[in-house]
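Counting with my numbering, you get residues 506 to 708 for the letters of the sequence shown. The beta-carbon is built from N, C-alpha and C at its ideal position, and this holds for glycine as well. Being a predicted model, the structure only gives us computed values, none of them experimental. Take a look at the structure below.
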Amino acid sequence: MITPNLLRIDASGRYHQSMSRQLTDYLIDHLQRLYPDARVITRDLAQGLPYLDEEMIIAYNTPEEKRTSNQKELLQISDELVEELKVTDILVIGVPMYNFTIPATLKAYLDLVVRSRLTFRYTENGPKGLLSDKKTYILATTAGTKLFGPLDYMSDYLRHILGFMGIHDVEIIAADGLIKGGEGKIAAIYRQIDTLITEFQAL
């Protein structure tokens, strides 16, 4: 991988004191030092994305050659997001847990990129992802909820929806229980990122 395309997705609604953004900054900085010529695309979901509505769903289900100019305009942002994902080599997602699951902004993003015939298709044996696999790091933060536990409705969902599109090489960095962990917990997460980058470099 000589000059990879990096896609950074920030799902936090906060800018100041956002731990998921800080961790994502740290990981992206490592990757840019590893690949100085890498192209970095940033999607800050706090800036807002459209939510699926009836008109957009109809446009999705209309064959491309039959779409009106208005339908094409409605799908423009979705088409752009899908194209970004297609050309990405390394995907980095910073996501805090909100009410035991992902923020609504990240769900809106996923609704715009999980598209039949573009990122997955139906076959006789069930759905098949159409995206090439790509190394994916998810920086998942929680205040108190234990990730991978019974109240975590985020981790398995993200693995499933990414795998649904063909992305299976997913590493979830669990920065959970931060309200109690203090600086020692955060320092351990930074060390974990250091180790993951070293392992990635050795591949």
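Range of the contiguous alpha helix (DSSP H) that encloses Arg696:
Leu683 to Gln706
Take Thr624 as the anchor and find which of Thr529, Tyr695, Glu589 and Asp681 has the nearest alpha-carbon.
Considering only alpha carbons, the answer is Glu589.
According to DSSP, is Lys651 part of a helix, a strand, or is it coil?
coil
Delimiting residues of the alpha helix (DSSP H) encompassing Glu589
From DSSP, the alpha helix (DSSP H) with Glu589 extends over Gln581 to Val592.
Taking the continuous beta strand (DSSP E) assigned at Gly668, which residues delimit it?
No beta strand (DSSP E) holds Gly668; the alpha helix (DSSP H) holding it covers Ser660 to Phe669.
For Lys633, which three-state DSSP category applies?
strand
Measuring CA to CA, which of Arg626, Phe605 and Val545 is closest to Gly649?
Phe605
Give the DSSP bridge partners of Ala679, in chain order.
Ala645
Alpha carbons only, please: which of Lys571, Gln552, Ala551 and Arg620 is nearest the one belonging to Asp584?
Selected option, being the one with the closest Cα: Arg620.
Is Pro568 near Ala543, with beta carbons less than 7 Å apart?
no
Does DSSP put Ile607 in a helix, in a strand, or in coil?
coil
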